[in-house]
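The structure appears right after this line, and notes come after that.
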Amino acid sequence: MKLLLTATASSLLLVHKINAFVTPSFTKPTTTHKIASSDSASSSALDAYKKVFVAGGSKGVGRSIIDKLLADGSEVVALLRSDDQIAELGAIEGVTAIKGDAFEYKSIEGAMDGCDAAISTLGGQTGDDGKRVDYEGNSNVIEAAGILGVTRMVLVTSIGCGSSKDAAPPSVFETLKEVLAAKTKAENVLIKYYTNMNWTIVRPGGLKTEPMTGTAILTEDNLAIGSIHREDVADLVVQALNSGKTERKVLSAIDLGISSAANAGEKTVEEFVMA
Numbered sequence: 002m003k004l005l006l007t008a009t010a011s012s013l014l015l016v017h018k019i020n021a022f023v024t025p026s027f028t029k030p031t032t033t034h035k036i037a038s039s040d041s042a043s044s045s046a047l048d049a050y051k052k053v054f055v056a057g058g059s060k061g062v063g064r065s066i067i068d069k070l071l072a073d074g075s076e077v078v079a080l081l082r083s084d085d086q087i088a089e090l091g092a093i094e095g096v097t098a099i100k101g102d103a104f105e106y107k108s109i110e111g112a113m114d115g116c117d118a119a120i121s122t123l124g125g126q127t128g129d130d131g132k133r134v135d136y137e138g139n140s141n142v143i144e145a146a147g148i149l150g151v152t153r154m155v156l157v158t159s160i161g162c163g164s165s166k167d168a169a170p171p172s173v174f175e176t177l178k179e180v181l182a183a184k185t186k187a188e189n190v191l192i193k194y195y196t197n198m199n200w201t202i203v204r205p206g207g208l209k210t211e212p213m214t215g216t217a218i219l220t221e222d223n224l225a226i227g228s229i230h231r232e233d234v235a236d237l238v239v240q241a242l243n244s245g246k247t248e249r250k251v252l253s254a255i256d257l258g259i260s261s262a263a264n265a266g267e268k269t270v271e272e273f274v275m276a
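With the working numbering applied, the sequence shown covers 2 to 276.
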């Protein structure tokens with residue numbers, strides 16, 4: 002499988018490194034999933050948020066998230082680094098494109114002000130000082146949300162972070178350990194220090210750029226592993242944003258219908274139901 006991290010354009014080198022772990026084809030696994038009987042949520046499913054801040058929305062999962070938020074009737078504020086990205090997304094009705102750098106806290110705070118929810122898919126970029134946006138940028142988004150009173154946030158990281166460390170194949174984890182460590186630090190900031198925030202963490206498996214299947218799931222199983230299409234991740238993230246049942250949950254995102262070396266064999270994965 003290839004375990005790709007949602008990232009900005011500067012993460013392409015990382016993508017090429019991970020491709021070494023891709024295996025072309027496998028026999029379709031007999032992995033199954035069952036529906037989880039989730040506990041009652043702190044609130045019922047919510048209406049779509051009116052204005053959502055998105056960090057990492059220039060491409061990949063973040064870009065698909067913007068499309069799905071707009072389809073749900075939300076306005077989107079996107080923090081972007083380049084003039085080309087500003088021109089492209091700024092031309093879309095319902096999107097406010099703001100130029101800024103996720104490494105700079107004030108850029109994020111200024112862009113987020115006035116939003117009632119935040120989503121971050123930041124990852125991959127390394128600053129001139131060697132700091133990773135996987136932690137520094139995500140930490141800035143979390144801090145700004147807390148200071149501005151944006152109490153709903155979804156953070157998109159990766160399988161292999163935190164409690165899902167053992168789910169990642171050892172060779173992949175070794176290659177990505179610094180990135181996963183930075184993402185884990187961001188997760189811990191959100192979980193440990195922002196106790197008044199209704200956060201959700203979504204950890205996708207290996208990312209693929211193909212049309213949405215509609216069969217991907219979220220699960221609380223920390224050992225779940227597999228691939229998933231970027232558009233499916235975006236769909237699950239937006240569903241999670243608007244579901245009261247996902248508040249303060251850490252969820253892995255995979256598609257058991259996609260064959261890969263990692264999920265080959267018999268394994269039952271319990272689906273987390275948001276409805």
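Yeah, the Cβ is synthetic: ideal placement off N, Cα and C, and Gly gets one too.
Residues that residue i bridges to, as DSSP identifies them
i, result
"I202", "L156 and V251"
"I109", "According to DSSP, which records beta bridges pairwise, I109 is partnered with nothing at all."
"A118", "V53"
"G207", "S228"
"T127", "R133"
Same chain only: Cβ atoms within 7 Å of residue i, ignoring 5 sequence neighbours per side
i, result
"K69", "A235, D236 and V239"
"D114", "L149"
"T216", "D256 and G258"
"N141", "A103, Y106 and I109"
"G63", "T7, V55, G57 and T122"
"A112", "F54, V78, L80, I99 and G101"
Same chain only: Cβ atoms within 8 Å of residue i, ignoring 5 sequence neighbours per side
i, result
"D73", "A49, V239 and N243"
"M275", "A46, L219, Q240, A241, S244, K246 and T247"
"T210", "G61, H230 and R231"
"T214", "H230, D233, D256, G258 and I259"
"K51", "S75, E76 and D117"
CB contact flag (residue i, residue j, <9 Å)
i, j, result
"V172", "P205", "Rather than Val, the amino acid found at residue 172 in this sequence is Ser. No. Outside cutoff."
"A80", "I120", "Note on identity: in this sequence residue 80 is Leu, with Ala being the wrong assignment. Cβ distance not < 9 Å, so L80 and I120 don't count as in contact."
"C162", "E188", "yes"
"L177", "A169", "yes"
"G95", "S75", "yes"
"A146", "Y195", "yes"
Anticipated Cβ contact below 8 Å, residue i with residue j, distance rounded
i, j, result
"L149", "N139", "No, L149 and N139 are not in contact; Cβ-Cβ is about 16 Å, not under 8 Å."
"T152", "N197", "7 Å"
"T201", "K268", "At roughly 24 Å, the Cβ-Cβ gap does not stay under 8 Å, so T201 and K268 are not in contact."
"V190", "L252", "Actually they do not touch by this definition, with Cβ atoms about 18 Å apart."
"K184", "F174", "Not a contact, Cβ separation roughly 12 Å."
6 Å CB neighbourhood of residue i in its chain, flanking five on each side removed
i, result
"S108", "G101 and D102"
"A98", "A79, L81, I87, L90 and G91"
"S41", "Caution applies to S41, whose pLDDT of 38 falls short of 50 and renders its modelled position unreliable; the value that the coordinates give is listed next. There are no such residues."
"Y136", "A183, K186 and A187"
"N199", "T152, R153 and E248"
Residue i - DSSP class collapsed to helix/strand/coil
i, result
"L47", "Here L47 scores only 49 on pLDDT, less than 50, and its place in the model should not be relied on; the value that follows carries that caveat. Note: L47 maps to coil in three-state DSSP."
"T185", "helix"
"V134", "coil"
"S228", "strand"
"S140", "helix"
"G74", "coil"
"I218", "strand"
"K268", "coil"
"K60", "coil"
"L242", "helix"
"V173", "helix"
"I93", "coil"
"A98", "strand"
"A79", "strand"
"T32", "Any reading at T32 needs caution, since the residue's pLDDT is 46, under 50, leaving its predicted position unreliable; the model's value is listed next. Coil."
"L257", "coil"
"A276", "coil"
Residue-level contact to chain B via CB, residue i, 9 Å cutoff
i, result
"S83", "Among the protein chains of the structure shown there is no chain B, as only one such chain exists."
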